[in-house]
Amino acid sequence: MSSRRTARPSPYADLVPADAPSNLVVEAGPMSAHLDRAVALVTISSTAVLEAAARGVPALTLTDFGTSRSLINEVFVGSGLEGTADDLVHGRFGTVRPDWMTDNYFHAASDDDWADRAEESMRLRDAGLLVDRPAARRNRGGALRRAWERRNALGDHDRSVSGRAAALIGTPIRAVKRSWRALRSALRPATTTAPDLVTTVSVERLRDRDEELVAGRDAR
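Residue numbers 19 to 238, in the numbering used here, belong to the letters of the sequence shown in order.
Below, the structure is given as structure tokens:
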């Protein structure tokens with residue numbers, strides 16, 4: 019006989035230490051309700067900062083832990099909201115830059131033309147005039163790579179021979195690639211030696227990587 023162990027949830031209120039400041043309050047509920055009465059918001063990478071920006075609430079995206087894809091905070095580079103724990107302590111919150119807002123879909127309602135463009139695309143499709151655009155990301159591997167991607171997406175629901183073959187070939191290759199990346203990362207010399215140093219990522223570097231994806235290189 020075996021028993022199944024179920025994970026016990028840990029409410030945030032239970033994680034607050036006993037010596038926490040008396041004005042530290044843990045509350046649940048819709049983020050919108052909290053932001054409507056908030057003076058400012060601080061986060062590392064939560065999408066709540068987007069809601070704060072939409073409401074005009076000052077915000078701070080902490081960079082003390084770095085800026086990377088794994089932290090999901092690269093999008094905030096150049097937003098005007100980046101800062102450190104020292105900024106938080108001194109109450110220095112950022113105001114989002116208007117051009118960053120425009121680049122990240124906070125545009126004026128008058129510029130919201132997606133519905134008209136979708137209707138026009140469907141009209142061209144029905145008339146046989148819609149030209150297929152090449153994929154923005156072109157991976158090597160051809161049919162075998164496509165079978166691998168399909169197998170990853172569908173799992174056991176993909177009963178095709180090509181899917182099974184791709185899984186048999188691709189799984190050990192992926193394991194080797196991951197092991198190599200882990201080894202290379204472990205051997206890479208550390209770039210910071212003190213906890214107060216912050217790793218920054220330039221907008222140009224991020225744009226270069228976006229172009230690498232278009233060129234067909236796998237940046238993952």
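Glycine residues also receive a C-beta, built at the ideal position from the N, C-alpha and C atoms.
Because the structure is a prediction, the values reported are computed rather than measured.
query: Give the C-beta separation of residue 96 and residue 78 to the nearest angstrom, bearing in mind that I take them to be a contact with Cβ-Cβ under 8 angstroms.; result: That belief does not hold up - the Cβ atoms of residue 96 and residue 78 are roughly 15 angstroms apart, past 8 angstroms.
query: Give every residue of the same chain whose Cβ lies closer than 8 angstroms to the Cβ of residue 34, excluding the five residues on either side of it in the sequence, and list them in chain order.; result: 42, 44
query: Between residue 115 and residue 98, which are expected to be in contact by the criterion C-beta below 8 angstroms, what is the C-beta distance as a whole number of angstroms?; result: 4 angstroms
query: Taking all protein chains shown into account, decide if residue 67 is buried (16 or more other Cβ within 10 angstroms of its Cβ) or exposed.; result: buried
query: Cα separation between residue 124 and residue 65?; result: 14 angstroms
query: Do residue 193 and residue 165 have their C-beta atoms closer together than 9 angstroms?; result: no
query: Can you tell me whether residue 217 is buried or exposed? The criterion is at least 16 other CB atoms within 10 Å of its CB, across all chains shown.; result: With a pLDDT of 45 at residue 217, under the threshold of 50, the modelled position of that residue is not reliable, and the figure given next carries that caveat. By the neighbour-count rule (16 or more Cβ atoms within 10 Å), residue 217 is not buried but exposed.
query: Consult DSSP for residue 244 and reduce its assignment to one of helix, strand or coil.; result: Within the shown structure, residues of the chain are numbered from 19 to 238, placing residue 244 beyond reach of any answer.
query: Taking only heavy atoms of the ligand MG into account, decide whether any of them is closer than 8 angstroms to the Cβ of residue 67.; result: Summarising the ligand content, the structure contains no ligands, and the ligand MG is consequently not present.
query: Classify residue 32 as helix, strand or coil using the three-state DSSP reduction.; result: helix
query: What are the complete alpha helix (DSSP H) segments, minimum 4 residues, inside the segment 100-129?; result: 103-107, 116-121
query: State the Cα-Cα distance for the pair residue 105 and residue 206, rounded to the nearest angstrom.; result: 31 angstroms
query: Between the Cα of residue 188 and those of 159, 178, 57, spot the shortest distance and give me the residue it belongs to.; result: 159
query: Under 9 angstroms between the Cβ atoms of residue 76 and residue 57?; result: yes
query: What span of residues does the alpha helix (DSSP H) with residue 194 cover, start to end?; result: 179-205
query: Whose C-alpha, out of 63, 83, 113, is nearest the C-alpha of residue 91?; result: 63
query: Rounded to whole angstroms, how far is the Cβ of residue 60 from the Cβ of residue 80, which I believe are closer than 8 angstroms?; result: 7 angstroms
query: Suppose contacts are defined by Cβ-Cβ distances below 9 angstroms. Is residue 180 in contact with residue 162 by that definition?; result: yes
query: For the beta strand (DSSP E) that residue 80 lies in, which residues bound it at each end?; result: 77-80
query: What number of angstroms, rounded off, separates the C-alpha of residue 129 from the C-alpha of residue 107?; result: 39 angstroms
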